[in-house]
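Visitor: My questions will all concern the structure given below.
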Amino acid sequence: MKTAKITSVVLAILSISLISKVLIPSYVEVAPGRVTLFDLSATYTEDPTLLKSIILAYVPEGTYTLSASYIENMAKRKNLETSFESSVITIYATSSVLELSGVDENDLEILEFASTVFASITEEYECLESATFQLLQTSGSIDGTPTFEYKNLGMGKFSVFAKDEDKYLYMMMDVKCPKEVLVAKKLIKFGDVIKPDFLKEATKNVFEILGTPASTSDAFYSKALRMFKPGDVIVQEGIKRKPDVVKGQLLLAYVNLPGLHISAIVRSLQDAYIGEVVRAENISSGKIVMGVLEEGPVLKVMEVER
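This is how it looks when you write it as structure tokens:
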């Protein structure tokens, strides 16, 4: 009986010792992006890989707080025991560019891999050749050619996760993507029709533009849905594109019947965009037709009003 009690005590002690301990201070500096339990840990007895797998938040630059109870609950899911200096942890997210002087072979491999990711980003966003990037944070290592995915966190900050067999790499990149866009030369008020001489081209970092830059075909003779100050980028969300067909415009209409193609000239009775249903008048017969506006523009007749 005594031996059984001793055994139970020993097992209890062993079970406690198997629970990893992590100390979280009240103030932690991290890089912007993904924040893991490893980033917050001052001391720990567990494999760092496990701590890095517990994602607590995604933060841009700035100051934030996390409650100790939230972190404790996240850690318990992995059977980790945590202790805290305070009930609230202050997180200060700030960018610090990775210094690459005197780097080891692994860092050079990471930099080379970062260039591959950068090439994918610049291709997707159609950046100019003068695009640049900086590594703000790296964690882990890689071998060979890993698979990767990246996410735009805003303002040119990209989080990158790469995996190759049993190794992984996390990176935070700051990308600047210059691009030629249209900006206002003068004050454009709400409701103004935007004429070509109201605009000029300028080089801007696309990641600092709030909206989708408009092309000349979209911007010219469109209507402003908000005010644009001199130097503001003309974005699609701030304009109403000129209709593809305006009321009174003449266009070709056609109808396809089995073994027969009929066409006629019609006058549009409304403003319309490609893909919309349009009412038009046949200028020869005076009949009203309805059809779908197609590229050209041409009208595919679907119905003739009696």
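Count the sequence shown with the working numbering and you get residues 532 to 837, in order.
Every residue gets a Cβ at the ideal spot worked out from N, C-alpha and C, and that includes glycine.
#1: State the Cα-Cα distance for the pair alanine 650 and leucine 684, rounded to the nearest angstrom.
#2: How is the alpha helix (DSSP H) around aspartate 529 delimited, first residue to last?
#3: For lysine 710, count neighbouring Cβ atoms within 10 angstroms of its own Cβ and tell me buried if that reaches 16, exposed if not.
#4: Output needed for glutamine 801: all residues of its chain with C-beta closer than 7 Å, excluding positions within five of it in sequence on either side, in chain order.
#5: Using DSSP bridges, identify the partner residues of proline 744.
#6: Consult DSSP for phenylalanine 751 and reduce its assignment to one of helix, strand or coil.
#7: For alanine 562, which three-state DSSP category applies?
#8: In the DSSP output, which residue or residues are listed as bridge partners for tyrosine 489?
#9: Thinking C-alpha only, which one of Leu791, Val776, Ala795 is nearest tyrosine 785?
#10: By the three-class DSSP mapping on this structure, what secondary structure does leucine 713 have?
#11: Drop a sphere of 10 angstroms on the beta-carbon of arginine 891, count the other beta-carbons inside from all chains shown, and report buried for 16 or more, exposed for fewer.
#12: Residues in the same chain with beta-carbon distance under 6 Å from leucine 629, minus the five sequence neighbours each way, listed in chain order, please.
#13: How is tyrosine 601 classed by DSSP in three states: helix, strand or coil?
#14: How about leucine 838 and alanine 573: are their beta carbons less than 7 Å apart?
#15: Give the straight-line distance between the Cα atoms of glutamate 739 and isoleucine 819, rounded to the nearest whole angstrom.
#16: Please classify glutamate 846: does DSSP put it in a helix, a strand, or coil?
#17: For the beta strand (DSSP E) containing threonine 580, list its first residue and its last residue.
#18: Please confirm whether tyrosine 804 and aspartate 775 have their CB atoms less than 7 Å apart.
#19: Considering only the alpha carbon of each residue, which of Glu577, Ser672, Thr734 lies closest to aspartate 695?
#20: Does the Cβ-Cβ distance between lysine 707 and asparagine 736 come in under 7 Å?
Guide: Well, looking at it:
#1: As a position in the sequence shown, residue 650 is number 119, starting the count at 1. As a position in the sequence shown, residue 684 is number 153, starting the count at 1. Approximately 18 Å between the Cα atoms of the pair.
#2: An answer regarding residue 529 cannot be provided, because it is not within the stretch 532 to 837 covered by the chain.
#3: Taking the first residue of the sequence shown as 1, we reach residue 710 at position 179. Buried.
#4: Reading the sequence shown from its first residue, position 270 is the one you call residue 801. Only Lys778, Val809, Arg810 meet the Cβ criterion.
#5: Taking the sequence shown and counting its residues from 1, the one referred to as residue 744 is at position 213. When beta bridges are read from the DSSP output, proline 744 appears opposite Val766.
#6: Numbered from its first residue, the sequence shown carries residue 751 at position 220. Reduced to three states, the DSSP call for phenylalanine 751 is coil.
#7: For the purposes of this step, residue 562 is taken as residue 31 along the sequence shown, with counting starting at 1. The three-state secondary structure of alanine 562, taken from DSSP, is coil.
#8: Since the first and last residues shown for the chain are 532 and 837, residue 489 lies out of range.
#9: Residue mapping note: residue 785 aligns to position 254 of the sequence shown, counting from 1. Closest by C-alpha distance to tyrosine 785, out of Leu791, Val776, Ala795, is Ala795.
#10: Taking the first residue of the sequence shown as 1, we reach residue 713 at position 182. In this structure, leucine 713 counts as strand in the three-state DSSP scheme.
#11: A question about residue 891 goes unanswered here, because the residues of the chain that appear run from 532 up to 837.
#12: Against the sequence shown, residue 629 aligns to sequence position 98. With a pLDDT of only 44 at leucine 629, under the threshold of 50, the placement of this residue in the model should not be trusted, and no figure is reported.
#13: The residue labelled residue 601 in the question sits at position 70 within the sequence shown. In the three-state reduction of the DSSP assignment, tyrosine 601 falls in the helix class.
#14: With the chain running from 532 to 837 in the structure shown, residue 838 is simply not present.
#15: Translated into positions along the sequence shown, residue 739 becomes position 208. Translated into positions along the sequence shown, residue 819 becomes position 288. Those two C-alpha atoms are separated by around 49 Å.
#16: Past the boundaries of the shown model lies residue 846; the chain is included only from 532 to 837, so the question cannot be answered.
#17: As a first step, residue 580 must be located in the sequence shown, where it is residue number 49. For threonine 580, there is no enclosing beta strand (DSSP E); the residue is found in the alpha helix (DSSP H) stretching over 579 to 583.
#18: On the sequence shown, position 273 is the one that residue 804 refers to. On the sequence shown, position 244 is the one that residue 775 refers to. A contact, by the Cβ cut-off of 7 Å.
#19: On the sequence shown, residue 695 is found 164 positions in, with the first residue counted as 1. The shortest C-alpha separation from aspartate 695 is found at Ser672.
#20: The count along the sequence shown starts at 1 and reaches residue 707 at position 176. The count along the sequence shown starts at 1 and reaches residue 736 at position 205. Less than 7 Å separates the beta-carbon of lysine 707 from that of asparagine 736.
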